[in-house]
Structure formats: structure tokens, C-alpha cells
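Undergrad: This is the structure, below, for whatever I ask next.
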Amino acid sequence: MKRLTITLLSLCAIAMLVIAPTSANAQATPTAKITFRTLIPEGGAVNLIFKPADKIKVTGCHSITIEGGKQAWEVDDQVITLEGPITYFDCNMSRIVEMSFENCKDLNYLCVSTNLLKNIDLTGLSGLTQFVCNSTEVAQVTLGGNDALKYLEVDAGKLNKINLNGAPNLEKVSLSINQLATINLDGLNKLQQLDLSNNNLASIHVSNLPELREIRLSGNKQLSDASFEQCNNLEGLAIKNCKLQSFTAKSLDALTDIDLYNNLITKVTLEDLPSLYSIDLGDNKLESIDFSKCNTNLKEINLVKNKFSGTFKLGNMPRLARFSLS
């Protein structure tokens, strides 16, 4: 009986030794994979730059050397995959129409500019810090779990939908020359620079963005309402070529530059702006303006192409170096 018990225990020990490596393998980190489809035919070339170059397996194309000793990738199949510990990927100008990501948690840089993508889903790319997607057909960018993302650039496209709150630690966002009609900036407490120029925004209310330093809204032809509250680090503000009829800036201690050229403004309220250096209100509908509650640090004022008449008083502005009225 004892001998049988010892034998059974020995068999169990052997079984555990066999099973243990299998369990360890089951818990291994899944391989990262990027899959995309290109319209470039077999024999054509796609532009691929990825890192670490010596650890990535590529299928669907093969490396070739072109003029000047440069590397390119000749297409074997229009569906191409990259597998391995991908940290950097740039596929600019490769006529890509679809792209997906699997287990790409270490990917920190992604550029898909000048392609034919209609939308792109970055959900789950938790290590991504920079995303660039210029001059594409992309209408929607989906974010989620992108806590490391700091730099987002999607310019010169057809973007009409993006959920920025899926990347709460963004510091710089550029979405210029698109088709955005609305934008939600809630919760972007680390945002420093924002460019929404040349979109379809009709109104925008920016508040409680404590780190915001610069915002560009010029060229939103329908924009008639804009407000800025509790943006205590805001330094530069550009809202040219819009349809603003009034403008108010109060208690923005860091604000140095305001550019409101070519709007429909008839009323301006400027109060408690101790750092204001330059203001451009040219080509508006102003008949009067009061700088008395502004500050004495203004150095540049442009008021050309307005509706002023009679005597014009500037008040106490000892540092004023440039003033344009006609």
C-alpha cells in the first residue's frame, strides 16, 4: 500500500512538472499585430518604417533596395501584417484603406498620413504617445484607454467625429481643416495647445482647462459664439475670419495676444487682462471701444476697417508702440 501511495505521488509530481511550463506559456504576453489592406497592386511599393526593425515579422510584402540604397517594401499581397514587439510604425503614402491592431500595448508612435482610411480605432493602444493622421479620408477617430497619448494631429481631412475624452492626458491637439461641427473638451486638464481652425464650428465654450496656453479657431465661418472661462494660463487666442458679433475676455491673467480680425464684432469687453500685449480687431463693425479696464501694458492695437467716428480716446497707455485706426 505504501509503495502504491509513493508511486501515485511520484506520478502527480511528474504531471505537475509537465503542466507547469504549459501554464507559463499560456500566461505569456500575446504577440502584437498590425494588419492593413492597401490598394497598391502586387509588385508595387508601400512605405513602411517600424521599430525595432530586427524583431518584426512582415508578411504580404518583402524588403527591396531602391535607388540610393534606400529600403522599400514590394507588395506580394494587398493584406499585409506586422507581428512582434512594435513600438514605432509609419506607413505614410501607402494607399491604405483598412487597419486593425491586436495587442499593440507597446506601440508609442503611429503615423498613417496621406492614406485612404475612412476611420481608425485606437482603442486599447495604452502605450501610444503620438498619433499623426494628416491628409486622409478619415471621418472618425475612436479613442479609448489611450491614457499615455499626449500629441494628436489629424489635419487636412474629413474628420467630423472624435471622442477626445478617451485620451484624458492630451497636451497638444491639432484638428485643423476638417469638418467638425461640435467638439467636447471636458476633462482635458493637461491640454496646452489646441488648433480647431478651419472647421464647421458654430459655437465653442472653453472652460476649466487649467493648462491651456494657446487656442486657434480661425476660419470657422459659422462661428458666432465663443467663451473662455477659468483658463488661467491662456496666452494666445486667434479667432480670425469668423462670424463673432461680440467678444468678452475677463480675468485671464496670462493672456498676451488676441487676434479677432475680420469678424462682425460690434461689442468688445476687456477686463482684468494684466498681461495683454497685442490685440487685433481690424475689419469688424465697432463704433466704440473701451480699454480703460484692460491694462497699461498694451503695445500693439489694430482697429482698421471699423465704423469709428469723431474723437477717439485711448487713455493711459505709456507702452503703446503701434496703433492702427485707418
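Here the sequence shown is numbered in my numbering, starting from 1435 and rising by one per residue. Where a beta carbon is used, it is the ideal one built from N, C-alpha and C, also for glycine.
Cutting at 7 Å between CB atoms, please list the residues of its own chain near R1529, excluding the five before and the five after it.
TA: T1472, L1473, I1474, N1549 and L1550.
Undergrad: Just tell me which of D1714, C1665, A1590 and Q1656 has its CA closest to the CA of L1619.
TA: When each option's Cα is compared against that of L1619, the closest is C1665.
Undergrad: Determine the direct distance from the alpha carbon of S1760 to that of E1648, and round the result to whole angstroms.
TA: Between E1648 and S1760, the C-alpha separation is close to 29 Å.
Undergrad: With DSSP as the reference, identify every bridge partner of I1468, one or two as the case may be.
TA: Partner(s): L1516 and F1535.
Undergrad: Can you say whether L1715 is buried or exposed, counting buried as having 16 or more other CB atoms within 10 angstroms of its CB?
TA: Per the 10 Å Cβ criterion, buried.
Undergrad: Looking only at its own chain, which residues have a Cβ that is under 8 Å from the Cβ of N1688, when we skip the five neighbours before and after it?
TA: It is Ala, not Asn, that sits at residue 1688 in the sequence shown. Closer than 8 Å at Cβ, skipping near neighbours: R1647, N1666, N1667, L1668, E1669 and S1709.
Undergrad: Bridge partners for S1758 per DSSP, in chain order?
TA: DSSP lists N1736 as partners of S1758.
Undergrad: Rounded to whole angstroms, what is the Cα-Cα separation between L1586 and P1602?
TA: Cα-Cα distance, rounded: 12 Å.
Undergrad: Please classify A1458: does DSSP put it in a helix, a strand, or coil?
TA: The predicted model places A1458 with a pLDDT of 46, which falls under 50 and marks its position as unreliable; any figure quoted below should be read in that light. Helix, per DSSP.
Undergrad: How do the segment 1671–1683 and the segment 1648–1658 stand: do at least 3 beta-carbon pairs fall below 8 Å, yes or no?
TA: Judged by Cβ distances under 8 Å, the segment 1671–1683 makes contact with the segment 1648–1658, as three or more pairs qualify.
Undergrad: Give the straight-line distance between the Cα atoms of G1430 and L1604, rounded to the nearest whole angstrom.
TA: As displayed, the chain neither begins before 1435 nor continues past 1760, which places residue 1430 out of reach and without an answer.
Undergrad: Secondary structure at N1623, three-state DSSP: helix, strand or coil?
TA: Three-state DSSP puts N1623 in coil, outside helix and strand.
Undergrad: Nearest by alpha-carbon distance to K1739: which of G1749, T1730 and N1718 is it?
TA: Considering only alpha carbons, the answer is N1718.
Undergrad: Hey, would you say L1562 sits closer than 7 Å to N1537, going by beta carbons?
TA: Against a cut-off of 7 Å, the Cβ pair of N1537 and L1562 comes out as no contact.
Undergrad: In chain order, which continuous runs of the beta strand (DSSP E) of length 3 or greater are located wholly inside the segment 1484–1530?
TA: Within the segment 1484–1530, the complete beta strand (DSSP E) runs of at least 3 residues are 1491–1493, 1495–1499, 1505–1509, 1513–1517 and 1522–1524.
Undergrad: Our contact map puts W1507 next to L1541 with C-beta atoms below 8 Å; I'd like the distance itself, whole angstroms only.
TA: The Cβ separation is near 19 Å, so there is no contact.
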